[in-house]
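Presented below is the structure to which this report refers.
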Amino acid sequence: MFNLAVRGHDLTKACDPQDLACQVAEKGIKNVQFALNASFPELSAAPLISPGMGTFFKNEFGQQGIQVALLSCYSNLIHPDADKREKILQKFERYLFHARYFGASMVASETGSVIPTLGYSEENFTDEVFDDLVTVAQRLVKTGERYQTMVGIEAGLNHPLFSNDRIQELITRVPSDFLGIVYDPTNLITPETASKQVEIVAEAFEKFGERIVCLHLKDYVIEGDRIVSVPLGEGVIPYQAILQIVDQYKPYCYVVLEGTKDEGIKRAVAMIEGLS
Numbered sequence: 001m002f003n004l005a006v007r008g009h010d011l012t013k014a015c016d017p018q019d020l021a022c023q024v025a026e027k028g029i030k031n032v033q034f035a036l037n038a039s040f041p042e043l044s045a046a047p048l049i050s051p052g053m054g055t056f057f058k059n060e061f062g063q064q065g066i067q068v069a070l071l072s073c074y075s076n077l078i079h080p081d082a083d084k085r086e087k088i089l090q091k092f093e094r095y096l097f098h099a100r101y102f103g104a105s106m107v108a109s110e111t112g113s114v115i116p117t118l119g120y121s122e123e124n125f126t127d128e129v130f131d132d133l134v135t136v137a138q139r140l141v142k143t144g145e146r147y148q149t150m151v152g153i154e155a156g157l158n159h160p161l162f163s164n165d166r167i168q169e170l171i172t173r174v175p176s177d178f179l180g181i182v183y184d185p186t187n188l189i190t191p192e193t194a195s196k197q198v199e200i201v202a203e204a205f206e207k208f209g210e211r212i213v214c215l216h217l218k219d220y221v222i223e224g225d226r227i228v229s230v231p232l233g234e235g236v237i238p239y240q241a242i243l244q245i246v247d248q249y250k251p252y253c254y255v256v257l258e259g260t261k262d263e264g265i266k267r268a269v270a271m272i273e274g275l276s
């Protein structure tokens, strides 16, 4: 029992909003994680979104029976430049306000990095940077509470939020129902820990499953010291076992296909539906 979703920009041939909505529906999907900047960069270049824009997309998707499950505002939330960070956080807060018009219950982002280009830095793993992230999360969640919109935070190995323990610590320090976790099991493994991926997922749902609002399902292969994303069904992710955990703890939780594009989406849907 899964509430499947697809990232809008994984439909790479969509030429306009109407076409995107039709393509999502044609793939047998009823939910979309919508990143305005990725699907329609010409629109995201405008300084501000508006209730009119949100209502337009809600209606276009709704005509095909599609809901905006998550509104993406993926940014470097801990950008080291104070002025740039403030602009990023203000944009995220505008998305939190306008999410209702898109029909979305949450706005999602990764945490970012102390490197402006989101590059690797061991400084991301320090307590000082994590404390900085907590302060940012507290601000955004307070805004989310005001507008009744959840803040979805996604973890990753090169981020201050790099493990189940760090996620648990963030939840403890930001004790609000409006902080949700977008959980991507592939973001949290290395070639050395990949064999324990199912255990890592089980631990996450046992520790803080109540806060997991979405699971990203991203298949992968191991190439030397790298985890490389591939379409679902072409890699080694133990998706059956992972989805069993999701079904056990959170039936109908959003499960977003990530990195599976265009023609591969129908095959992925069939694979998942075959588990029922």
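Heads up: the sequence shown is residues 1 to 276, going by the UniProt record's numbering.
Note that beta-carbon positions come from the ideal geometry of N, C-alpha and C, so glycine has one too.
### Task
Quick one: residues in its chain with C-beta nearer than 7 Å to the C-beta of residue 18, no 5 flanking neighbours on either side, listed in chain order?
Only 60 meet the Cβ criterion.
### Task
Assess, as a yes-or-no matter, whether the stretch 190 to 208 is touched by the stretch 239 to 256 under the definition of 3 or more beta carbon pairs within less than 8 Å.
With a cut-off of 8 Å, the stretch 190 to 208 and the stretch 239 to 256 count as touching, because enough Cβ pairs lie within range.
### Nearest-angstrom Cβ-Cβ length linking residue 39 and residue 9, presumed shorter than 8 Å
Confirmed, about 5 Å.
### Task
Using three-state DSSP, classify residue 77 as helix, strand or coil.
Three-state result, residue 77: coil.
### Query
Between residue 191 and the rest of its own chain, which residues show a CB-CB distance below 8 Å, the 5 nearest in sequence each way excluded?
Taking C-beta separations shorter than 8 Å and ignoring five residues to either side along the sequence, the partners of residue 191 in its chain run 222, 224, 225, 226, 227, following chain order.
### Query
Ordered along the chain, which non-local residues of its own chain (more than five positions away) have a Cβ less than 8 Å from that of residue 43?
The residues 36, 53, in chain order, have a CB closer than 8 Å to that of residue 43 in the same chain once the five nearest residues on each side in sequence are set aside.
### Task
Can you have a look at residue 180 and say buried or exposed, based on whether 16 or more other CB atoms are within 10 angstroms of its CB?
Residue 180 is buried by the Cβ-count criterion.
### Straight-line Cα distance separating residue 115 from residue 229
So the two alpha carbons sit approximately 23 Å from each other.
### Query
Any idea what DSSP makes of residue 171, helix, strand or coil?
In the structure shown, the three-state DSSP call for residue 171 is helix.
### Task
Assign residue 15 to buried or exposed, taking buried as 16 or more other Cβ atoms, counted over all protein chains shown, within 10 Å of its Cβ.
Residue 15 is classed as exposed because its beta carbon has fewer than 16 other beta carbons within 10 Å across all chains shown.
### Task
Report yes if the C-beta distance between residue 257 and residue 268 is below 8 Å; otherwise report no.
Cβ atoms of residue 257 and residue 268: closer than 8 Å.
### Within 8 Å, strictly: CB atoms of residue 71 and residue 25
With respect to residue 25, residue 71 sits apart: the two C-beta atoms are not nearer than 8 Å.
### Query
When you compare only the Cα positions, how much space is there between residue 151 and residue 63?
If you draw a straight line from the Cα of residue 151 to the Cα of residue 63, it is about 27 Å long.
#### Entry: Pair within 8 Å by beta-carbon distance, residue 2 and residue 272
Cβ distance < 8 Å, so residue 2 and residue 272 count as in contact.
### Task
Alpha carbon to alpha carbon, how far is residue 218 from residue 239? Give it in angstroms, no decimals.
Straight-line Cα distance between these residues: approximately 9 Å.
### Query
When you compare only the Cα positions, how much space is there between residue 101 and residue 31?
A direct Cα-Cα distance of roughly 16 Å separates residue 101 from residue 31.
### Message
Buried or exposed for residue 149, going by 16 or more other Cβ atoms inside 10 Å?
### Response
A residue is called buried once 16 or more other Cβ atoms fall within 10 Å of its Cβ, and residue 149 is buried on that count.
### Query
Which word fits residue 259, buried or exposed, when buried means at least 16 other C-beta atoms lie within 10 angstroms of its C-beta?
Result: buried.
### Task
Decide if residue 50 is buried, meaning its Cβ has at least 16 other Cβ atoms within 10 Å, or exposed.
Result: exposed.
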